[in-house]
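Below: the structure, in structure tokens.
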Amino acid sequence: MTYSSTKSLRARRLLPWLVALTLLLVFSGGLVHLLTESWWFESVGYESVFWLRFRWQLGLGLGSFVLYGGGLWASYQMALRLTRDRAYRFLSRYSDPAQRDQFARLLHLGMAGLIFVLALGVALRSATAWQTMLQFLNPTAFDIADPIFQRDIGFYVFRLPLWQGIQENLLGLLIWALLIAVTVYTLKGEVRPERGWKYFLTGEAKAHLCLLLAAIAVVLAVGFWLDRFSLLYSDSGVIFGAGYTDVHARLQAYWLMGFVTLAVAGLFIVALTRSGFSLPIFGIVIYLGVLVLVNGLYPWFQQNFVVEPNELNIERPYIEHNIAFTRQAYSLDSVITEPFPAQNTLTRAVIETNSPTVDNIRLWDYAPLLSTYKQLQEIRLYYNFEDVDIDRYTLNGDYRQVTLSARELPVEQLPSEAQNWINRQLKFTHGFGAVMSPVNQVTPNGLPEFFIRNVPPDSTVDLPLDQPRIYYGESTRNYIFTGANTDEFDYPEGDTNAAYRYTGSGGVPLNSWLRRLVYAYDLGNFRVLISNYFSPETRIHYHRLITDRVRQVAPFLTFDGDPYPALIDGRIKWILDGYTSSDRYPYSEPLNRRTDMVSLVENNNPLMRNGVNYIRDAVKVFIDAYDGTIELYARDPDDPLLTTYSRIFPDLFKPIDDLPASYREHLRYPQDIFTVQAQMYRAYHMENPEVFYNREDLWRFPEHGEEGAVEAMEPYYIIMKLPRLEREEFLQILPFTPANRDNMIAWMAGGSDGDNYGRLLLYEFPKQELVFGPTQIEARISQTPEISEQLTLWSQQGSGVIRGTLLVIPVEQSLLYVQPIYLRADQGELPELRRVIVAYNDRVVMRETLDQSLDAIFGEASPPAPATPEAAPPPGTTPGTTSELVQAALEAYQTGQLALQQGDWQRYGEAQQQLERILQQLNQQTP
1 MTYSSTKSLR ARRLLPWLVA LTLLLVFSGG LVHLLTESWW FESVGYESVF WLRFRWQLGL
61 GLGSFVLYGG GLWASYQMAL RLTRDRAYRF LSRYSDPAQR DQFARLLHLG MAGLIFVLAL
121 GVALRSATAW QTMLQFLNPT AFDIADPIFQ RDIGFYVFRL PLWQGIQENL LGLLIWALLI
181 AVTVYTLKGE VRPERGWKYF LTGEAKAHLC LLLAAIAVVL AVGFWLDRFS LLYSDSGVIF
241 GAGYTDVHAR LQAYWLMGFV TLAVAGLFIV ALTRSGFSLP IFGIVIYLGV LVLVNGLYPW
301 FQQNFVVEPN ELNIERPYIE HNIAFTRQAY SLDSVITEPF PAQNTLTRAV IETNSPTVDN
361 IRLWDYAPLL STYKQLQEIR LYYNFEDVDI DRYTLNGDYR QVTLSARELP VEQLPSEAQN
421 WINRQLKFTH GFGAVMSPVN QVTPNGLPEF FIRNVPPDST VDLPLDQPRI YYGESTRNYI
481 FTGANTDEFD YPEGDTNAAY RYTGSGGVPL NSWLRRLVYA YDLGNFRVLI SNYFSPETRI
541 HYHRLITDRV RQVAPFLTFD GDPYPALIDG RIKWILDGYT SSDRYPYSEP LNRRTDMVSL
601 VENNNPLMRN GVNYIRDAVK VFIDAYDGTI ELYARDPDDP LLTTYSRIFP DLFKPIDDLP
661 ASYREHLRYP QDIFTVQAQM YRAYHMENPE VFYNREDLWR FPEHGEEGAV EAMEPYYIIM
721 KLPRLEREEF LQILPFTPAN RDNMIAWMAG GSDGDNYGRL LLYEFPKQEL VFGPTQIEAR
781 ISQTPEISEQ LTLWSQQGSG VIRGTLLVIP VEQSLLYVQP IYLRADQGEL PELRRVIVAY
841 NDRVVMRETL DQSLDAIFGE ASPPAPATPE AAPPPGTTPG TTSELVQAAL EAYQTGQLAL
901 QQGDWQRYGE AQQQLERILQ QLNQQTP
């Protein structure tokens, strides 16, 4: 044996080991990450969910790899066997047989590599289809049949996607097998154009290609059969779904093309017994001709010369299908419609009778209030309020609407000098507490009153907050370690900082060197392995962002874009609303189809991106801010999609009947789904096909000015008593106006309390009467001289005037319009609520407070009854006015300090004068 042959043998023996080592290095990161994810799922109690997904992903991936790669390799080997007596033509210029063998082996390895890459790509795609497979195996009937094929909706949602995926992958397999075989036959000289187009391919090679072409034709025929069902999602007609042309032209075309394709497959089989390749070529030409004629020209002729001249009458039944199925898919068929006469009959007595509604009118908009929270309550630069949320609580015996914001600690806000590994991962691990304000109360300085504020939390209401620490939230994007040999930063305490050691059950235990090694590799940080700060009690916390956390457990759900915190049983709980959604509901209009109407759903919302045309408010998720515990409750057991997911993951969802009462009190009808339903209802309240076709009664959202820009009004929460109900409820409402006018035509409400949760009500105004819309009221405000002059004067004095959201408040059978006015220094970030505008009937007034504005319109409120001797405070009790003055003095001081920092000397002087007046009043009350 020569030296070169020995070297070649040695290289061939090393090659498998090199390939295995390369694959190990390539996939080691994924394998290690898979291990850490299994530990994470175990730590949150959902390991069964992880392993079920993993088994199916692995099974589908390996199965697809074997079948796809095996099919391509078998076709390739058959082509090689049929040409085993032929050499590659381009190698004929090499006279040395060793060189020819070496190039042939390289070509063989290249083809094997191509097959491997193709099979790997299909395997990775198949692994992501685990949800499609499990839905196919666990379908739930909708008990509603489509109007064309009379199949249950469950077939389209759960079964059709898998059949279409198999057909597409099988077609891709056969096409690649054909291309590989043609490449081999061409390189080996089996394809000979010099023989003419009829006989350029003969013998066994022709038989191989004819079989592949016949198989492709059969799979294409199956594709035409499946494409019939896709007509129910047609977007080519006057409505979404199958129209007249789809049913009477394209459907027949698909049937005909299916039979023609099967006939072409038969021609390929017949060609096996005949010489030459003319019969298959003839079949392909016939197929293409029929395809153009039947699938292109015939539907075009039908649409232009049959449908369009008489479109309404011909399309009427299909418009009815679209209306009915869209209303079903978005639960619009359950909207209860009632008349709302919009009488101008409000009096002071009616206002006082509806005091729970009036006392909970929201005067603080989200943006000004968030800016105020940041200025007054972030305390330190590293704290952050992500947003402001609305909720309701029973506080000191009163049912109150409040604003709430959690004080988080995103480490990105640490100074650059403090951005080190110890601070980011070990020290600054959690936020602290929350702030809560009533929606309608303002201090004399125009700042919000606080029910809960400061660090540690200082509360004036009977709402405990025993565990204020926030390890999981909306800004917690980094991983951290707890249980280390060093204290965590807890909160600032004068000139020092309070320290804390985590005592919860959250996080993955790092109780062995193996786990530390694995996480060091997964995180790409060697400190995890060598750090002396770690102990056997150390835990690693990751997936701390609450939306990311719950998506790890339930990736098949779509989550509302506004998670909100709630103070429940002395802890901070994050509440997320989970939706089941699908883009497979026949005839239902997708949310993102219409671009001719203003949308309140943002384009980056998953409901807009994925062509969703079915949605249900199905799941309520609660996440503990301290230990990260995840609880999912199945709110809508009648939803077929949720029923299927419950079958797939029997341990994932808890029944809604097990939801604790303290949790149930804070459920809100979600803003995203309410907005989606309102958006679709603008057109789909029209149930008459002719009215719908002509868009005679199309609605839109009211528009309002916001800091110089005109935007569509968003839904807002309110506590109010609906007509004919006995008590006030927490609702979400949104007005509508006609498409081309600004007057109001209706308003929609979504219930959140008790048995009325999720109930949609629509109150329609009389069409023969004018009911002012928000745009018209804002115009009347601007045209009121005393208001416009005052706003102009403030603007000229260097203050920015912010006109808040104009709220439409239904009271009994009448409407109030309320708009707050904020002032903000040009160089400042502290908006102050300075005026409240109230409009009713033909009057528009602006006063310092809401009560004063109501008094100006309806007269002053009745004086409170004198206190009885029994109600008098006992001796030694501090009067309530004293505590209010102390609070006002503190806020005046804080306002002055902020103005001083911003160089606003005018506002600083006003704050000092205000502080002086308050102190004088306190001095007079002090005995």
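Residue numbers (my numbering): 1 to 927.
All C-beta atoms in this analysis are idealised placements derived from N, C-alpha and C, irrespective of residue type, glycine included.
All of these numbers come straight from a predicted model, not from anything done at the bench.
Take residue 395, set aside five residues on each side of it, and the residues of its chain with a beta-carbon closer than 7 Å to its own are 451, 461, 462 and 463, in chain order. Excluding the 5 residues flanking it on each side, residue 634 has same chain C-beta neighbours closer than 8 Å at 618, 619, 642, 646, 653, 654, 655 and 656, in chain order.
Bounds of any alpha helix (DSSP H) do not take in residue 401; it lies within the beta strand (DSSP E) bounded by 398-408. Runs of the beta strand (DSSP E) lying entirely within the segment 244-302, each at least 3 residues long, are absent. Residue range 366-377 is occupied by the alpha helix (DSSP H) that includes residue 366, with no beta strand (DSSP E) assigned at that position.
When DSSP states are grouped into helix, strand and coil, residue 435 belongs to the strand group.
Spatial neighbours of residue 560 in its own chain (CB-CB distance under 6 Å, excluding positions within 5 residues in sequence) are listed in chain order as 577, 670 and 672. Residue 839 has 817 and 844 as its beta-bridge partners, per DSSP. Segment contact: the segment 218-227 against the segment 167-178, three or more CB-CB distances shorter than 8 Å; contact assigned.
For secondary structure counted as the alpha helix (DSSP H) over 4 or more consecutive residues, the segment 635-665 holds these complete runs in sequence order: 640-648 and 661-664.
With fewer than three CB-CB distances shorter than 8 Å, the segment 735-755 does not count as touching the segment 397-411. Judged by DSSP secondary structure, residue 498 falls within the beta strand (DSSP E) whose first and last residues are 496-500. The shortest CA-to-CA distance from residue 239 to any of 821, 314 and 295 is the one to 314. Spatial neighbours of residue 225 in its own chain (CB-CB distance under 6 Å, excluding positions within 5 residues in sequence) are listed in chain order as 258. Contact annotation, residue 470 with residue 550: C-beta distance approximately 16 Å; criterion of less than 8 Å not satisfied. Of the candidates 592, 606 and 538, 606 places its Cα closest to the Cα of residue 558. Under a 10 Å Cβ-count criterion, residue 503 is classified as exposed, with fewer than 16 other Cβ atoms of the shown protein chains found around its own Cβ.
Under the Cβ criterion (8 Å, minimum of three pairs), the segment 112-124 counts as touching the segment 51-64.
Taking one beta carbon from each stretch, the segment 243-261 and the segment 286-295 have 3 or more pairs nearer than 8 Å; the two touch. Annotation for residue 337: the continuous beta strand (DSSP E) segment containing it runs 336-339. Residue range 311-329 is occupied by the alpha helix (DSSP H) that includes residue 326. If you compare the alpha carbons of 568, 369, 125 and 234 with that of residue 664, the shortest gap goes to 568.
DSSP, reduced to helix, strand and coil, places residue 389 within a strand of the structure shown. Residue 700 is bridged by DSSP to 737. Residue 71 sits close to residue 177, with the two beta carbons spaced by under 8 Å.
For residue 175, the number of other beta carbons within 10 angstroms of its own is below 16, and it is reported as exposed.
Sorting 53, 488 and 474 by C-alpha distance to the C-alpha of residue 132 places 53 at the top. For residue 622, the three-state secondary structure derived from DSSP is strand. Under the 10 Å beta carbon count, residue 644 is surrounded by 16 or more other beta carbons and is classified as buried. Around the C-beta of residue 300, fewer than 16 other C-beta atoms lie within 10 Å, and the residue is accordingly described as exposed. Selection 444, 449 and 436 evaluated against residue 457 yields 436 as nearest (Cα-Cα). Between residue 233 and residue 680, the C-beta gap is not smaller than 8 Å, which leaves the two residues out of contact. With a threshold of 16 other beta carbon atoms within 10 Å, residue 336 falls short and is exposed.
When the beta-carbon positions are compared, residue 388 and residue 399 stay at least 8 Å from each other. Cα atoms of residue 701 and residue 678: separation of roughly 9 Å, rounded to the nearest angstrom. The C-beta distance from residue 716 to residue 362 rounds to 7 Å, short enough to fall under 8 Å.
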